[in-house]
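I have placed the structure first, in the form of structure tokens, so that the comments after it can refer back to it.
There are 2 protein chains.
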Amino acid sequence: MQDELLLYPHPSVTIDCVVFGYDGEQLSILLLNRRDEPFANQWTLPGGFLRLEETFEEAAQRILKDKTGIENLFLEQLYTFGGLSRDPRGRVLSVAYYALVNPAKYQLMVGQMANELRWFHWKLLPPLGFDHEHIAQVAQARLAAKIQYQPIGFELLNAQFTMSELQALHECILGESLDRRNFHKRMMASGLLRSTGERREGLKSRPAELFEFIP
Amino acid sequence: MQDELLLYPHPSVTIDCVVFGYDGEQLSILLLNRRDEPFANQWTLPGGFLRLEETFEEAAQRILKDKTGIENLFLEQLYTFGGLSRDPRGRVLSVAYYALVNPAKYQLMVGQMANELRWFHWKLLPPLGFDHEHIAQVAQARLAAKIQYQPIGFELLNAQFTMSELQALHECILGESLDRRNFHKRMMASGLLRSTGERREGLKSRPAELFEFIP
DNA sequence: AATATTTTGCGTATTTATTACACGAAGTTA
DNA sequence: TAACTTCGTGTAATAAATACGCAAAATATT
Chain A
397 MQDELLLYPH PSVTIDCVVF GYDGEQLSIL LLNRRDEPFA NQWTLPGGFL RLEETFEEAA
457 QRILKDKTGI ENLFLEQLYT FGGLSRDPRG RVLSVAYYAL VNPAKYQLMV GQMANELRWF
517 HWKLLPPLGF DHEHIAQVAQ ARLAAKIQYQ PIGFELLNAQ FTMSELQALH ECILGESLDR
577 RNFHKRMMAS GLLRSTGERR EGLKSRPAEL FEFIP
Chain F
397 MQDELLLYPH PSVTIDCVVF GYDGEQLSIL LLNRRDEPFA NQWTLPGGFL RLEETFEEAA
457 QRILKDKTGI ENLFLEQLYT FGGLSRDPRG RVLSVAYYAL VNPAKYQLMV GQMANELRWF
517 HWKLLPPLGF DHEHIAQVAQ ARLAAKIQYQ PIGFELLNAQ FTMSELQALH ECILGESLDR
577 RNFHKRMMAS GLLRSTGERR EGLKSRPAEL FEFIP
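Residue numbers (the working numbering), protein chains in the order written: chain A, 397 to 611; chain F, 397 to 611.
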């Protein structure tokens, strides 16, 4: 019965990850400068081959840990890319995932297969190897579409955050500025936030109330 | 350089299709009764192995033509399923697509690998082989979510259709009844429809205006 | 110590979108 | 010709989204 699977040659399958990070100022994507061919010394999304004994998500977590040091992060499947010539080595499919992380929480560790690892402003990416520019674009579009009707992005902030911080993140993803009062109303109406009762002090003006995500 | 691709064993990759059909009364999914193992004599979604020289969409079109006789239909990628034990033959991934078709436009042709081909009411599916019940559920959810903000479903109707026909389709997908006047307003406001000026006559009451999709 | 500066917290009026709802008209069937 | 079915349409009520300004709490400046 196994034989049927051998009738045709199989494609290779990779997992590629679009990791979004937000440092309080701007949204970035984590890119890796490849050491080896193909696309040696070029920037690409972190990715790697799927192993037979692991699920997509396990593979994505393993790959990200090995190549970037980032562990245990929230991942969602984006799309599967299967163009015939996306990889010069042969037919390689990519099941793409995207993730949102708070860069302050992780120490980047450059893996063995990479020259360098760097955050790039999400709208100002360098030329990328494979079809990774296309993948990154699809991920950007997905993120912008999703935030319209879900206040996502908690993973990008600290556990406790001020309303202004959350608003700045939304403005960054949407690319437009929002009204502070209406934003506050909308967030509270979503029922996904609650006040912690604490305040963030020590900044250069009135201390702001801290909120947290309701799980 | 090719060698790197051989370092690991590769999974098999299949394309599975959730084909929705609408006959004017109810929404259905097209299922295939398998002739061969695994899951011989059980119902499954039509699917097949991806070949190295074809894109996902080409594969889906080929598979559907071979197994069901349906050609040249509108397809959209749904999700990629990669559970470790979804296929008893080994590690098999499935890139799932879904399609909307008007059954009246096609003559079903049972392919060589199938005992039978049949439309099932989309909410009353028989037990399915592999993880196809799960795939069908994901497709149903996607369809219901999508119709909320896009008047999709033109592929399910004839080129010209009455507002009542379109409304019946929406009600069927949403599982609730809608107000006729509000529905009319909403559809016209979407800008995706226009009146043809013609009417559908010969039915048992007042003739209805015919509309068409604006491409 | 007083003053200027920054950022916070909050409420109401306006506009826009969504929902609820009924009746006469145009055909067909009995 | 009377009864039946489905079609086409408008307005009022409600809910949701938007626009908008000012006093309070802290820090920084003189």
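Backbone N, C-alpha and C define an ideal beta-carbon position, used for all residues, glycine too.
- Query: Are the beta-carbon atoms belonging to PHE371 (chain F) and ARG596 (chain F) less than 8 Å from one another?
  - Reply: Only positions 397 to 611 of chain F appear in this structure, which leaves residue 371 (chain F) out of reach.
- So, helix, strand or coil for MET397 (chain F), using DSSP? Here the model assigns MET397 (chain F) a pLDDT of 49, short of 50, so the residue's position is not dependable, and the following value carries that caveat. Note: MET397 (chain F) maps to coil in three-state DSSP.
- Check THR451 (chain A) in the structure and name its three-state DSSP category. coil
- List the endpoints of the continuous alpha helix (DSSP H) containing HIS655 (chain F). Not covered by the structure: residue 655 (chain F). The range shown for chain F is 397 to 611.
- Task: Determine, using beta-carbon pairs with one atom in the stretch 563-580 of chain F and one in the stretch 541-551 of chain F, whether at least three such pairs fall under 8 Å.
- Result: Yes, the stretch 563-580 of chain F is in contact with the stretch 541-551 of chain F.
- From A:ALA555, A:ASP527, A:THR464, pick the residue whose C-alpha is nearest to that of GLU512 (chain A); which is it? A:THR464
- Reduced DSSP secondary structure (H/G/I, E/B, other) of ASN578 (chain A): helix
- Could you tell me whether any Cβ in chain A is nearer than 8 Å to the Cβ of SER408 (chain F)? yes
- What are the boundary residues of the alpha helix (DSSP H) that includes LEU569 (chain A)? Looking at the sequence provided, one finds Ile at residue 569 (chain A) rather than Leu. Run containing ILE569 (chain A): 559-570, per the alpha helix (DSSP H) assignment.
- Query: Regarding VAL534 (chain A) and the ligand GDP, is the C-beta to nearest heavy atom distance less than 7 Å?
  - Reply: Absence of the ligand GDP is noted for the structure shown, with no ligands found whatsoever.
- Nearest-angstrom Cα separation, counted from PRO523 (chain A) out to GLU529 (chain A): 7 Å
- Within the 8 Å Cβ cut-off, does VAL534 (chain F) reach chain A? no
- Task: Would you mind working out which of F:PRO405, F:SER560, F:ARG447 sits nearest ILE411 (chain F), comparing C-alpha positions?
- Result: F:ARG447
- Message: Let's test the definition: count the other Cβ atoms within 10 Å of the Cβ of PRO484 (chain F) and tell me whether it reaches 16, buried, or not, exposed.
- Response: Exposed is the call here.
- Query: Given a limit of 8 Å on CB to CB distance, which residues of the stretch 462-488 of chain A reach chain F?
  - Reply: GLN473, TYR475, THR476, GLY478, GLY479, LEU480, PRO484, ARG485, GLY486, ARG487, VAL488
- Query: Under 8 Å, do TYR493 (chain A) and GLN508 (chain A) count as touching if we go by C-beta distance?
  - Reply: no
- Cβ-based burial, LEU599 (chain A) [other Cβ within 10 Å; buried from 16]: Result: exposed.
- Item | Anticipated Cβ contact below 8 Å, ILE543 (chain F) with LEU570 (chain F), distance rounded | 7 Å
- Determine the contact status of THR451 (chain F) and LEU480 (chain A), defining contact as a CB-CB distance below 8 Å. In contact: THR451 (chain F) and LEU480 (chain A) (Cβ atoms closer than 8 Å).
- Comparing the C-beta of PHE445 (chain F) with each C-beta of chain A, is any distance below 8 Å? With 8 Å as the cut-off, PHE445 (chain F) counts as an interface residue toward chain A.
- Query: Do THR357 (chain A) and LEU426 (chain A) have their C-beta atoms closer together than 8 Å?
  - Reply: Because chain A in this structure spans residues 397 to 611, residue 357 (chain A) falls outside the shown range and cannot be described.
- Message: Tell me which residue opens and which closes the beta strand (DSSP E) that ASP412 (chain A) is part of.
- Response: 408-418
- Confirm, please, whether the CB-CB distance from VAL415 (chain A) to ILE459 (chain A) is below 8 Å. no
- Message: Under 8 Å, Cβ to Cβ, is there at least one residue of chain A near MET397 (chain F)?
- Response: Only weak support is given to the placement of MET397 (chain F): the predicted model assigns it a pLDDT of 49, under 50, and the value that follows is read from those uncertain coordinates. Cβ-Cβ to chain A under 8 Å: yes for MET397 (chain F).
- Message: Counting only beta-carbon separations shorter than 8 Å, does PRO547 (chain F) have a partner in chain A?
- Response: no
- Query: Alpha carbon to alpha carbon, what distance is there between GLY593 (chain F) and ASN429 (chain A)?
  - Reply: Roughly 60 Å separates the two Cα atoms.
- Task: Tell me, to the nearest whole angstrom, how far the beta carbon of ASP527 (chain F) is from that of ARG577 (chain F); I am working on the premise that it is less than 8 Å.
- Result: No, ASP527 (chain F) and ARG577 (chain F) are not in contact; Cβ-Cβ is about 43 Å, not under 8 Å.
- First and last residue of the beta strand (DSSP E) that includes PRO425 (chain F)? First, the amino acid is wrong: residue 425 (chain F) is Ile here, not Pro. Note, ILE425 (chain F): beta strand (DSSP E), 423-430.
- Query: Cβ of LEU448 (chain F) less than 8 Å from any chain A Cβ?
  - Reply: yes
- Task: Compute the Euclidean distance between the alpha carbons of ARG431 (chain A) and ALA510 (chain A), then round it to the nearest angstrom.
- Result: Rounded to whole angstroms, ARG431 (chain A) and ALA510 (chain A) show a C-alpha spacing of 5 Å.
- Task: Please name the residue or residues paired with PHE647 (chain A) in a DSSP beta bridge.
- Result: The first residue shown for chain A is 397 and the last is 611, placing residue 647 (chain A) beyond what the model contains.
- Consider the Cβ of THR362 (chain F): report whether some Cβ of chain A lies at a distance smaller than 8 Å. Residue 362 (chain F) lies beyond the residue range present for chain F, which begins at 397 and ends at 611; the question has no answer from this structure.
- Query: Among residues of its own chain, excluding the 5 on either side of ALA537 (chain A), which ones have a beta-carbon nearer than 6 Å to its beta-carbon?
  - Reply: none
- Message: Within a Cβ cutoff of 8 Å, which residues of the same chain sit near LEU471 (chain F), ignoring the five residues on either side of it in sequence?
- Response: Within the same chain, and ignoring the five residues on either side of LEU471 (chain F) in sequence, the residues whose Cβ sits closer than 8 Å to its Cβ are CYS413, GLU453, ALA456, GLN457, TYR493, TYR494, ALA495.
- Taking 8 Å as the CB-CB limit, is LEU401 (chain F) close to chain A? yes
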